[in-house]
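Chains as they are written, first to last, in this note's numbering: chain A, 1 to 247; chain B, 248 to 430.
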Amino acid sequence: MPLPRLIPCLDVADGRVVKGVRFQRLRDVGDPVELGSAYSDAGADELVYLDVRATIDGRSALLALVSRIADELAIPFTVGGGVRSVADAEALLGAGADKVSVNSAALERPELVSELAARLGSQAVVVAVDATLGEVRSRAGSAPTGRRAVDWAREAEERGAGEILLTSIDADGTRDGYDLELTQAVSDAVSVPVIASGGAGSAAHVADALGVAQAALLASILHEDPTRFETLRSELRELGIPLRDAA
Amino acid sequence: MNVAVCTYGAGNVRSVVAAFSRLGASAFVTANPTDVVGADLAVLPGVGSAASAMAGLGERGLDDALRERVAEGRATLGICLGLQLALDESEEDGGVAGLGILSGSARRLADGRVPRIGWAAVEPSGEAFYFAHSYAAETPAATARSEGLVAIAEAGSFLGVQFHPEKSGAAGGRFLAGCLSRV
């Protein structure tokens, strides 16, 4: 098994990194190029960029900004937000993304996952699942879908998703800990890697998440003080989590 | 030193160019066989699935260009799927003939979560590199392994790596610098 992964997440709106609580009350926390580069230098295992306005605005993620970030990184880079077609995904890979994350469009038309996997390979296809009380929401958490998170994760895997990025809307931004029950249920339901997201407030929370998922997404816990990433890594090592030597 | 990075389908070849550029090499993306034959170093990055990749290489004449380079003893680097394509065959997509530069075949991973995604140590050095793959090479040309899987394979002037050096931070940068120094 590869090492557990720590993945800082840049939620971007209007060209700035933002963070809210339970997907609401977004506030500005910084410049995406600066933050992405800082996390890469500090030993991030990957970086995720989610354009949280793209679907709402009816467009794909901003390619020029994606390229500016990608050119600063020597680690894998996943980009999501507004991906509705293979052409959207190819444009993002061409701009320097290694993987694309799909969410709302795949819920509306699940064949999109199959098409992306056939064209790009499963390793480049992340299906993001936002869930509250075990039920999937689309459109940045605003629209109920009636699907159970475990069922949708399983279908996404069958269609060729290479990873499931599972965000608990209930835990998002609270810093009260990941939704371990939901994460465990989804992790048990699929055999692709699962990235746990939402709720990190301490190293112990992250260690718990890495006990049930293969990677942990980090946002609120980092952005107010990006140097927190390095201390978090050493705290996790002290808790016995094996992390790569970034030097 | 110029580095020709083959493009033949959908995928991120930009980061391979960026990684070599950071090392001071003059790297460029190309689908032109003449560029690929003539470059100081040619790189075959992994893009898409085995069948679409072999078709994409064939349509552009890049398959023959790569074989010609290797036959002439000129340095050639295959990354991820680029390693698997160099083999005789892959069982991906129902079975696909490869370039035949390395003997052996690519087989679907049987253990653990697949795709195998993340950083893992490469033995004997023990340094961690980033992997993202569902198939792995089985070849007598293996020179390094990661968790028992082939991580590096070499035959003549061809060097294939299952991991992504261009995505492997400082360790990856050192690896690519080593590739340039061998040219």
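Using N, Cα and C, we set each Cβ at its ideal position, and we do this for glycine too.
Treat the numbers as computed from the prediction; the structure is a model and nothing was measured.
Flag this pair as yes or no: are the beta carbons of residue i and residue j separated by less than 8 Å?
| i | j | result |
| --- | --- | --- |
| residue 44 of chain A | residue 6 of chain A | yes |
| residue 243 of chain A | residue 228 of chain A | no |
| residue 310 of chain B | residue 288 of chain B | no |
| residue 207 of chain A | residue 236 of chain A | yes |
| residue 171 of chain A | residue 141 of chain A | no |
| residue 167 of chain A | residue 128 of chain A | yes |
| residue 375 of chain B | residue 245 of chain A | yes |
| residue 330 of chain A | residue 33 of chain A | In this structure chain A extends from 1 to 247, so residue 330 of chain A is not present and cannot be described. |
| residue 76 of chain A | residue 222 of chain A | no |
| residue 353 of chain B | residue 297 of chain B | yes |
Taking only beta-carbon atoms, is residue i less than 8 Å away from chain A?
| i | result |
| --- | --- |
| residue 420 of chain B | yes |
| residue 378 of chain B | yes |
| residue 259 of chain B | yes |
| residue 363 of chain B | yes |
| residue 296 of chain B | yes |
| residue 337 of chain B | no |
| residue 392 of chain B | no |
Assuming residue i contacts residue j under a Cβ cut-off of 8 Å, what Cβ separation, rounded to an integer in Å, is found between them?
| i | j | result |
| --- | --- | --- |
| residue 213 of chain A | residue 194 of chain A | 4 Å |
| residue 79 of chain A | residue 107 of chain A | Not quite, the Cβ-Cβ distance comes to about 18 Å (not below 8 Å), so this is no contact. |
| residue 341 of chain B | residue 294 of chain B | About 19 Å; that fails the 8 Å criterion. |
| residue 411 of chain B | residue 377 of chain B | 5 Å |
| residue 186 of chain A | residue 247 of chain A | With 8 Å as the limit, residue 186 of chain A and residue 247 of chain A do not qualify as a contact, their Cβ atoms being about 34 Å apart. |
| residue 241 of chain A | residue 4 of chain A | 6 Å |
Is there a Cβ from chain B that is less than 8 Å from the Cβ of residue i?
| i | result |
| --- | --- |
| residue 163 of chain A | yes |
| residue 153 of chain A | no |
| residue 211 of chain A | no |
| residue 100 of chain A | no |
| residue 120 of chain A | yes |
| residue 69 of chain A | no |
| residue 88 of chain A | no |
| residue 244 of chain A | yes |
| residue 247 of chain A | yes |
| residue 5 of chain A | yes |
| residue 65 of chain A | no |
For the ligand HEM, any of its heavy atoms closer than 7 Å to the Cβ of residue i?
| i | result |
| --- | --- |
| residue 69 of chain A | The ligand HEM is absent from the structure shown, which contains no ligand whatsoever. |
Using 10 angstroms around the beta-carbon of residue i, count the other beta-carbons present and answer buried if the total reaches 16, otherwise exposed.
| i | result |
| --- | --- |
| residue 2 of chain A | buried |
| residue 413 of chain B | buried |
| residue 21 of chain A | exposed |
| residue 24 of chain A | exposed |
Secondary structure at residue i, three-state DSSP: helix, strand or coil?
| i | result |
| --- | --- |
| residue 57 of chain A | helix |
| residue 303 of chain B | helix |
| residue 424 of chain B | helix |
| residue 197 of chain A | strand |
| residue 39 of chain A | helix |
| residue 83 of chain A | coil |
| residue 387 of chain B | coil |
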